[in-house]
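Top to bottom, those sequences are chains W and S. With our numbering applied, the first sequence corresponds to residues 29 to 432, in that order. With our numbering applied, the second sequence corresponds to residues 3 to 227, in that order. Backbone N, C-alpha and C define an ideal beta-carbon position, used for all residues, glycine too. Fair warning: this is a prediction, and the values are worked out from it, not measured in the lab.
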Amino acid sequence: MALPIALIAQLSLRNIVRHRRRNLMLLVAIAVAVFTVLIINTLIRGMQADMQELVVSNLNGHFKVHAPGYRDDPSIERGFKLAVDWAPANPSAIEGWAARVRIPAVILSERETRGVQFVGIDPAQESISFLGTAEIDGSLLSSADDRRLLIGKEMAAQLETRVGRRLVIMTQGADGLNREAGFRIVGTYDTDGTTIEKQFVFTGRNALQKMVGAHVVTEVSVRVDDDGAHRTIGEGLAAFFADLEVKTWQQLEPLTASYVLFADSAIFIYYFIVMTALIFGLVNTLVTSVMERVRELGMLRAVGMRPGTVVAQVVFESTFIMMIGVALGLAAGWLVFQALPTDIDMTSWVEGADKFGIPNIVRLRLQIGDIVLVTFLSILFGVLASLYPARKAVSISPVEAMRR
Amino acid sequence: MSDEVVRVSGATRVYNEDTIPVQALAGVDLRVNRGDFVSLAGPSGSGKSTLLNVIGGLDRVDSGEVTVDQVSLTGLSESELSDLRLAKIGFVFQAYNLLSVLTAEENVAFILQLQGVSKSVRAERARETLAAVGLADLRDRLPGDMSGGQQQRVAIARAIAADPVLLLADEPSANLDSQTTTGLLELLRHLNEDEGMTIVTATHDPMVMAYAKRQVHLRDGAIVV
Numbered sequence: 029m030a031l032p033i034a035l036i037a038q039l040s041l042r043n044i045v046r047h048r049r050r051n052l053m054l055l056v057a058i059a060v061a062v063f064t065v066l067i068i069n070t071l072i073r074g075m076q077a078d079m080q081e082l083v084v085s086n087l088n089g090h091f092k093v094h095a096p097g098y099r100d101d102p103s104i105e106r107g108f109k110l111a112v113d114w115a116p117a118n119p120s121a122i123e124g125w126a127a128r129v130r131i132p133a134v135i136l137s138e139r140e141t142r143g144v145q146f147v148g149i150d151p152a153q154e155s156i157s158f159l160g161t162a163e164i165d166g167s168l169l170s171s172a173d174d175r176r177l178l179i180g181k182e183m184a185a186q187l188e189t190r191v192g193r194r195l196v197i198m199t200q201g202a203d204g205l206n207r208e209a210g211f212r213i214v215g216t217y218d219t220d221g222t223t224i225e226k227q228f229v230f231t232g233r234n235a236l237q238k239m240v241g242a243h244v245v246t247e248v249s250v251r252v253d254d255d256g257a258h259r260t261i262g263e264g265l266a267a268f269f270a271d272l273e274v275k276t277w278q279q280l281e282p283l284t285a286s287y288v289l290f291a292d293s294a295i296f297i298y299y300f301i302v303m304t305a306l307i308f309g310l311v312n313t314l315v316t317s318v319m320e321r322v323r324e325l326g327m328l329r330a331v332g333m334r335p336g337t338v339v340a341q342v343v344f345e346s347t348f349i350m351m352i353g354v355a356l357g358l359a360a361g362w363l364v365f366q367a368l369p370t371d372i373d374m375t376s377w378v379e380g381a382d383k384f385g386i387p388n389i390v391r392l393r394l395q396i397g398d399i400v401l402v403t404f405l406s407i408l409f410g411v412l413a414s415l416y417p418a419r420k421a422v423s424i425s426p427v428e429a430m431r432r
Numbered sequence: 003m004s005d006e007v008v009r010v011s012g013a014t015r016v017y018n019e020d021t022i023p024v025q026a027l028a029g030v031d032l033r034v035n036r037g038d039f040v041s042l043a044g045p046s047g048s049g050k051s052t053l054l055n056v057i058g059g060l061d062r063v064d065s066g067e068v069t070v071d072q073v074s075l076t077g078l079s080e081s082e083l084s085d086l087r088l089a090k091i092g093f094v095f096q097a098y099n100l101l102s103v104l105t106a107e108e109n110v111a112f113i114l115q116l117q118g119v120s121k122s123v124r125a126e127r128a129r130e131t132l133a134a135v136g137l138a139d140l141r142d143r144l145p146g147d148m149s150g151g152q153q154q155r156v157a158i159a160r161a162i163a164a165d166p167v168l169l170l171a172d173e174p175s176a177n178l179d180s181q182t183t184t185g186l187l188e189l190l191r192h193l194n195e196d197e198g199m200t201i202v203t204a205t206h207d208p209m210v211m212a213y214a215k216r217q218v219h220l221r222d223g224a225i226v227v
């Protein structure tokens, strides 16, 4: 015999209304739990995405090509030639790419000396890196031929210099001999992380190639636009640059990659902790509710309702309450998410975190996948939590139940 | 069609209460034919409610056999017993046991809904049955807003709405005053004599016994008369 769904729904809804105060408290508890999980999710997802973005935009891209051994010995001797008309295949899936010359150098001002990564760029290609969004005091480099310097704001402070002043850069040329040249500062850049500002000094790519005496690049970064195209593009790059190394950002920054993966687990762990606490309350309430109605449930069985139908009714009730609670929690979470500022400044909470690559500004992110996950698991928990009291109810014989 | 609605043969039932065995039924034999109105009588603990429960499939015998409308209850699963009760037996309980969240009409229609009867048919049947027990005007009331006698009439309406083969009533007058009990018994007599319904009651109320066509007395789990 098929389950009398309409009857089960009718009885369940009437019972929910009958115990409205208790069920209201239960609804609030579920809604608060779901709301909390959702807001924490947006924070974790925001930090996760921002950390990934920081690493990708930190001159890595999603893929980076360089010569074997370059990562251990990043010198101009590890450069490689790149055809002038080269461009990645599948351009519609690519946000952009940049070919650079990056070598270690020493930078000197009148007062200070620092070791830096000296990077020759084509500024037109750098929309894919942090230079695309950094605040610039002065101006950006004008082209790959620009023979001026763009330095970090923090570096400028350490060197006690400013836009318009000259700096001297010493590095090693392709012939193994030291090269030294003076450059004028065209601008300073300001990013989220002071480490970056102290690390990179930029000039035009052609200008740097001329200085070191080699028309080569040391790296090509590719930033992918279509998440589904990562594998294809990676395989395409590996095939084209068969003699070179093609690394993903995860391979280049394994610590951050681990954190991003951990964030997925953290969401699950946090969710299970909150929901486990809630489940105890839910089971307790349901057991109380069912035991109060054990006589009624006994009568239902006595007049011909199958044990399975009785179980279905109890499960339906709790699942329905769970669904309403989840809907309220999601709605509240969505409203608060909309009301909160897009960027949350965490500086006062995590001072100095940027030194470890954690951004000070967290952009909250609400993912549809998380909403689906929270909804699905909550309802699943509701069903599981109600099975125990439901089974307990039908384990009592109708005669015994009606005596109570 | 056989005239025999209920047959109990050599039924025994022992309860182990606090590890002390209590013989609730001690080899009971009983036949109830179509159109009978049988009253199971006896003092408390005589086994009359247990006998009613095993006839209704709410309890199982330890030995012996029970058949209802030619169907042996021995070996039926809980779900099969539920289906049998739903299809063949109407129950009237001492404490009415109406669903407090449903109106009188919904309580009556409830059994029909379990049977899968269409909404329009069960609404019509519920109204007819409520009218038959004299409660046509109270069909929208909740049980909590009705007197004990009215609730018991709704319980009877619920029990007979699906036109069962057998109506079982356990102490139907226990919570009613004598005037209400008389009205209830007249209703049962009407159902039995005019509608041909087979009725078995368990009672220690002499008024109920007086309305029955046949009295079966039990003592210590055995039929004595």
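Could you work out which residue in the options is closest to residue i when comparing CA atoms only?
{"i": "Thr276 (chain W)", "options": "W:Leu236, W:Ala133, W:Val84", "result": "W:Val84"}
{"i": "Glu140 (chain W)", "options": "W:Ile44, W:Asn234, W:Ala209, W:Glu188", "result": "W:Glu188"}
{"i": "Thr184 (chain S)", "options": "S:Asp64, S:Tyr213, S:Thr200", "result": "S:Tyr213"}
{"i": "Ala242 (chain W)", "options": "W:Lys109, W:Val339, W:Thr304", "result": "W:Lys109"}
{"i": "Arg15 (chain S)", "options": "S:Thr200, S:Asp61, S:Asp38, S:Arg127", "result": "S:Asp61"}
{"i": "Tyr17 (chain S)", "options": "S:Ser65, S:Glu130, S:Glu6", "result": "S:Ser65"}
{"i": "Val147 (chain W)", "options": "W:Asp78, W:Ala162, W:Ala126, W:Gly166", "result": "W:Ala126"}
{"i": "Arg33 (chain S)", "options": "S:Ser180, S:Asp172, S:Val8, S:Pro45", "result": "S:Val8"}
{"i": "Pro32 (chain W)", "options": "W:Phe404, W:Arg419, W:Gln341", "result": "W:Gln341"}
{"i": "Val196 (chain W)", "options": "W:Asp165, W:Thr231, W:Asp173, W:Ile164", "result": "W:Thr231"}
{"i": "Ile57 (chain S)", "options": "S:Leu169, S:His206, S:Asp222, S:Leu190", "result": "S:Leu169"}
{"i": "Asp236 (chain S)", "options": "S:Gly92, S:Ser122, S:Leu140", "result": "Chain S is shown only over 3 to 227; residue 236 (chain S) falls outside these bounds and no answer can be derived."}
{"i": "Val226 (chain S)", "options": "S:Phe39, S:Asp5, S:Lys50", "result": "S:Lys50"}
{"i": "Ile122 (chain W)", "options": "W:Val56, W:Gly264, W:Arg46", "result": "W:Gly264"}
{"i": "Leu280 (chain W)", "options": "W:Ser40, W:Asn69, W:Gln80", "result": "W:Gln80"}
{"i": "Pro116 (chain W)", "options": "W:Ser425, W:Val364, W:Asp220, W:Phe269", "result": "W:Phe269"}
{"i": "Ala360 (chain W)", "options": "W:Arg46, W:Val60, W:Thr199, W:Ile131", "result": "W:Val60"}
{"i": "Val240 (chain W)", "options": "W:Ala267, W:Gly210, W:Ile224, W:Asp203", "result": "W:Asp203"}
{"i": "Ala429 (chain W)", "options": "S:Glu6, S:Phe95, S:Ser74", "result": "S:Phe95"}
{"i": "Ile72 (chain W)", "options": "W:Ala418, W:Arg432, W:Ile389", "result": "W:Ile389"}
{"i": "Leu405 (chain W)", "options": "W:Val65, W:Pro369, W:Pro417", "result": "W:Val65"}
{"i": "Ser137 (chain W)", "options": "W:Ile297, W:Gly97, W:Arg193, W:Ser120", "result": "W:Arg193"}
{"i": "Met198 (chain W)", "options": "W:Gly97, W:Val343, W:Arg142, W:Ser170", "result": "W:Arg142"}
Please report the Cβ distance between residue i and residue j, rounded to the nearest whole angstrom; I am assuming they are in contact, meaning their Cβ atoms lie under 8 Å.
{"i": "Ser414 (chain W)", "j": "Leu314 (chain W)", "result": "5 Å"}
{"i": "Val134 (chain W)", "j": "Gln227 (chain W)", "result": "In fact, because the Cβ distance is near 14 Å, the residues do not count as touching under 8 Å."}
{"i": "Ala421 (chain W)", "j": "Val322 (chain W)", "result": "6 Å"}
{"i": "Val245 (chain W)", "j": "Gly107 (chain W)", "result": "6 Å"}
{"i": "Gly229 (chain W)", "j": "Met183 (chain W)", "result": "Residue identity differs from the one stated: residue 229 (chain W) is Val in this sequence, not Gly. With 8 Å as the limit, Val229 (chain W) and Met183 (chain W) qualify as a contact, their Cβ atoms being about 7 Å apart."}
{"i": "Leu394 (chain W)", "j": "Gln115 (chain S)", "result": "At roughly 43 Å, the Cβ-Cβ gap does not stay under 8 Å, so Leu394 (chain W) and Gln115 (chain S) are not in contact."}
{"i": "Leu54 (chain S)", "j": "Ala204 (chain S)", "result": "4 Å"}
{"i": "Val62 (chain W)", "j": "Leu358 (chain W)", "result": "6 Å"}
{"i": "Gly326 (chain W)", "j": "Pro426 (chain W)", "result": "4 Å"}
inquiry  = Under 8 Å, with one C-beta from each stretch per pair, do the region 347-355 of chain W and the region 4-24 of chain S reach the 3-pair mark?
reply    = no
Where the region 322-345 of chain W meets chain S: residues whose CB sits under 9 Å from a CB there = Arg323, Glu324, Gly326, Met327, Leu328, Arg329, Ala330, Val331, Gly332, Met333, Arg334, Pro335, Gly336, Thr337
key: Positions along the region 113-128 of chain S whose CB lies within less than 9 Å of some CB in chain W   = Ile113, Gln115, Leu116, Gln117, Gly118, Lys121
Where the region 353-378 of chain W meets chain S: residues whose CB sits under 8 Å from a CB there = none
query = Do the region 249-258 of chain W and the region 174-183 of chain W make contact, defined as three or more Cβ pairs closer than 8 Å?
reply = no
ask   = Taking one C-beta from the region 85-95 of chain W and one from the region 149-165 of chain W each time, how about it: are there three or more such pairs within less than 8 Å?
value = yes
request  = Closer than 7 Å, Cβ to Cβ, to anything on chain W: give me those residues from the region 65-94 of chain S, in chain order.
outcome  = Glu80, Ser81, Ser84, Asp85, Arg87, Leu88, Phe93
request  = Count the CB pairs spanning the region 72-86 of chain S and the region 328-337 of chain W that are closer than 8 Å, and state whether there are at least three.
outcome  = yes
message = Would the region 124-133 of chain S count as touching the region 174-191 of chain S if we require 3 or more Cβ pairs under 8 Å?
response = no
request  = State whether the region 106-124 of chain W contacts the region 278-298 of chain W, with contact taken as three or more CB pairs (one from each stretch) at a distance under 8 Å.
outcome  = no
message = Which residues of the region 41-61 of chain W have a Cβ closer than 8 Å to any Cβ of chain S? Give them in chain order.
response = Arg42, Asn43, Val45, Arg46
Segments assigned alpha helix (DSSP H), at least 4 residues, entirely inside the region 309-369 of chain W = 322-330, 335-367
query = Where are the alpha helix (DSSP H) runs, 4 residues long or more, that stay fully inside the region 76-119 of chain S, in chain order?
reply = 80-90, 106-116
task = Using a Cβ-Cβ cut-off of less than 9 Å, give me the residues of the region 298-318 of chain W that come near chain S, in sequence order.
result = none
ask   = Taking three-plus beta-carbon pairs below 8 Å as touching, is the region 44-52 of chain S in contact with the region 103-113 of chain S?
value = no
query = What are the uninterrupted segments assigned as alpha helix (DSSP H) that are 4 or more residues long and contained completely in the region 13-84 of chain S, given in chain order?
reply = 50-57
query = Between the region 29-52 of chain S and chain W, which residues of the former have a C-beta closer than 8 Å to a C-beta of the latter?
reply = none
task = Below 9 Å between beta carbons is the criterion; list the residues of the region 420-431 of chain W that meet it against any residue of chain S, in chain order.
result = Val422, Ser425, Pro426, Val427, Met430
message = Any contact between the region 192-200 of chain S and the region 171-183 of chain S? By contact I mean 3 or more CB pairs, one from each, below 8 Å.
response = no
key: Interface residues of the region 93-107 of chain S facing chain W [CB-CB below 8 Å]   = Phe93, Phe95, Ala97, Asn99, Leu101, Ser102, Val103, Leu104
key: Any alpha helix (DSSP H) of 4 or more consecutive residues that is wholly inside the region 146-187 of chain W   = 181-187
inquiry  = Ignoring anything shorter than 3 residues, give me the beta strand (DSSP E) runs that lie fully in the region 67-139 of chain W, in order along the chain.
reply    = 91-94, 122-136
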